[in-house]
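**Student:**
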Amino acid sequence: MFQSKTRYAIDPATVKTLNTQQLRDHFHVGGLFAQNEISLTYSHYDRLILGSAVPTDAPLILDHVPETGTSNILDRREMGILNIGDTGLVRVEGNTYEVKQGEVLYIGMGAGAVEFSGLGRFYILSAPAHKTHPTRLIKLTDAKRLELGAPETANERVILQFLHPDVAPSCQLVMGYTQFSPGSVWNSMPAHTHDRRSEAYMYFDLAPEHRIFHFMGEPTETRHMVIANEEAVISPPWSIHCGSGTGSYSFCWAMAGDNVDFTDVDVVAMENLR
Ligand SMILES: O=C[C@H](O)[C@@H](O)CC(=O)C(=O)O
Ligand SMILES: [Zn+2]
Numbered sequence: 000m001f002q003s004k005t006r007y008a009i010d011p012a013t014v015k016t017l018n019t020q021q022l023r024d025h026f027h028v029g030g031l032f033a034q035n036e037i038s039l040t041y042s043h044y045d046r047l048i049l050g051s052a053v054p055t056d057a058p059l060i061l062d063h064v065p066e067t068g069t070s071n072i073l074d075r076r077e078m079g080i081l082n083i084g085d086t087g088l089v090r091v092e093g094n095t096y097e098v099k100q101g102e103v104l105y106i107g108m109g110a111g112a113v114e115f116s117g118l119g120r121f122y123i124l125s126a127p128a129h130k131t132h133p134t135r136l137i138k139l140t141d142a143k144r145l146e147l148g149a150p151e152t153a154n155e156r157v158i159l160q161f162l163h164p165d166v167a168p169s170c171q172l173v174m175g176y177t178q179f180s181p182g183s184v185w186n187s188m189p190a191h192t193h194d195r196r197s198e199a200y201m202y203f204d205l206a207p208e209h210r211i212f213h214f215m216g217e218p219t220e221t222r223h224m225v226i227a228n229e230e231a232v233i234s235p236p237w238s239i240h241c242g243s244g245t246g247s248y249s250f251c252w253a254m255a256g257d258n259v260d261f262t263d264v265d266v267v268a269m270e271n272l273r
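Note that numbering that gives the first Met the number 0 numbers the sequence shown so that position 252 is 251, with each residue one more than the last.
1) Using only the alpha-carbon positions, how far apart do residue 283 and residue 219 sit?
2) Mind checking which residues open and close the beta strand (DSSP E) that includes residue 95?
3) Quick check: the Cα distance between residue 141 and residue 133, rounded to an integer number of angstroms?
4) Taking residue 46 as part of the alpha helix (DSSP H), name the residues at either end of that continuous run.
5) Quick check: the Cα distance between residue 110 and residue 95, rounded to an integer number of angstroms?
6) Can you tell me which of 91, 0, 216 puts its alpha carbon nearest to the alpha carbon of residue 33?
7) Within the continuous beta strand (DSSP E) that includes residue 124, where are the two ends?
8) In chain order, which beta strand (DSSP E) runs of at least 3 residues are fully inside the region 237-270?
9) So, with DSSP's three-state summary, where would you put residue 32?
10) Note down the Cα distance separating residue 103 from residue 125, rounded to an integer number of angstroms.
11) Going along the chain, which unbroken runs of the beta strand (DSSP E) with 3 or more residues stay wholly within the region 202-233?
12) Are there any heavy atoms of ligand 2 lying less than 8 Å away from the beta-carbon of residue 185, as far as the coordinates show?
13) Taking a contact to mean a Cβ-Cβ separation below 9 Å, would you say residue 119 touches residue 88 in this structure?
14) Could you check what DSSP says for residue 22 in three-state terms: helix, strand or coil?
15) Are residue 221 and residue 239 touching if we call contact CB-CB under 9 Å?
16) Three-state secondary structure (DSSP) at residue 198?
17) Determine whether the beta carbon atoms of residue 193 and residue 236 lie at a separation below 9 Å.
18) Look at the Cβ atom of residue 251, then the Cβ atom of residue 83, and state whether they are nearer than 9 Å.
19) Counting only the same chain and skipping the five closest in sequence on each side, list residues whose C-beta sits under 8 Å from that of residue 100.
20) In the DSSP assignment, the alpha helix (DSSP H) including residue 13 goes from what residue to what residue?
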């Protein structure tokens, strides 16, 4: 089964006026990782697509997506796929890649249909592209590690960068995931914005009874959404994006926009948050 939906971009002045459900309708992405289904959300923020593919008995094929207006989704786009399940297979351009848990497959523009099979639970990201970078499986040992935070501030974590200029070049997509030390629950605090790039977070490895309090909004107009395991949030470029869990978790982050400089962030001073 295939399903896709569109999320439009709205401005910060409108976001201030939304109630909880309206905020979720715009920025929370649930229903991911349904069995035997490819589910995509096409966001108008930097035209970032996020979604999932969970094959069961038969392979799932990702090919034409009405929202892109091209015959194949990758005609003018690139893709990053993170497997959060057991070992799965991705077949593209006649090659089959064995993608283990925690590995990322980059697929370059123009690669054509993508076939998912095996035991993978695939998280899919895609952004518009202007040239073809080689399709490549990026293993955990290839990722760049960035250790941040401290136990005293409950934010000791390692940021693993997979689609990053120093690891695997891409046109727009910058992507990886963050894992925490035991007892640390705060991501991306102190908070930041990057008005030049949009971002999406997908929270995983969270026990079913636990929740993430994800914070968004302009720094002086913050809002929160309560997020369960394997759910995602779209972060507009002008918004902070940080969160705290009632239990341990990991999250995949991905950005698209004007540059691929991970360090190009505007940190928000704590005293300016409201
Ligand atoms: O712009 C960078 C993104 O928000 C994330 O990479 C932040 C993150 O993974 C973290 O602080 O844990
Ligand atoms: Zn960010």
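Ideal Cβ positions, reconstructed from N, Cα and C, are used throughout, including at glycine. For clarity, every value in this text was computed on a predicted model and none was experimentally measured.
**Tutor:** The structure says:
1) Since the displayed the chain opens at 0 and closes at 273, residue 283 lies outside it and no answer follows.
2) Position 96 of the sequence shown, counting from 1, holds the residue named residue 95. Note, residue 95: beta strand (DSSP E), 94-98.
3) Here residue 141 refers to the residue found at position 142 of the sequence shown. Here residue 133 refers to the residue found at position 134 of the sequence shown. Going from the Cα of residue 141 to the Cα of residue 133 covers about 16 Å.
4) For this step, residue 46 is matched to residue 47 along the sequence shown. Counting along the chain, no alpha helix (DSSP H) covers residue 46, and no H or E run does either.
5) By 1-based counting over the sequence shown, the position of residue 110 is 111. By 1-based counting over the sequence shown, the position of residue 95 is 96. Approximately 13 Å between the Cα atoms of the pair.
6) Taking the first residue of the sequence shown as position 1, residue 33 is located at position 34. The candidate whose alpha carbon is nearest that of residue 33 is 0.
7) For this step, residue 124 is matched to residue 125 along the sequence shown. Where residue 124 is concerned, the enclosing beta strand (DSSP E) stretches over 121-127.
8) 241-244, 249-256
9) In the sequence shown, residue 32 corresponds to position 33, counting from 1. Coil at residue 32, not helix or strand.
10) In the sequence shown, residue 103 corresponds to position 104, counting from 1. In the sequence shown, residue 125 corresponds to position 126, counting from 1. One C-alpha to the other measures close to 13 Å.
11) 211-215, 222-226
12) Mapped onto the sequence shown, residue 185 falls at position 186. It does not: the Cβ of residue 185 is nowhere closer than 8 Å to a heavy atom of ligand 2.
13) As a first step, residue 119 must be located in the sequence shown, where it is residue number 120. As a first step, residue 88 must be located in the sequence shown, where it is residue number 89. Going by C-beta atoms, residue 119 is nearer than 9 Å to residue 88.
14) What you label residue 22 is simply residue 23 of the sequence shown in a count that begins at 1. Three-state result, residue 22: helix.
15) Against the sequence shown, residue 221 aligns to sequence position 222. Against the sequence shown, residue 239 aligns to sequence position 240. Yes, the Cβ-Cβ distance between residue 221 and residue 239 is below 9 Å.
16) Taking the sequence shown and counting its residues from 1, one reaches residue 198 at position 199. Three-state result, residue 198: strand.
17) Here residue 193 is taken as the residue at index 194 of the sequence shown, counted from 1. Here residue 236 is taken as the residue at index 237 of the sequence shown, counted from 1. Contact: yes.
18) As a first step, residue 251 is located in the sequence shown; it is residue number 252 there, counting from the start. As a first step, residue 83 is located in the sequence shown; it is residue number 84 there, counting from the start. Yes.
19) On the sequence shown, residue 100 is found 101 positions in, with the first residue counted as 1. These residues qualify, in order along the chain: 82, 83, 84, 85, 86.
20) Here residue 13 is taken as the residue at index 14 of the sequence shown, counted from 1. Residue 13 -> alpha helix (DSSP H) spans 11-14.
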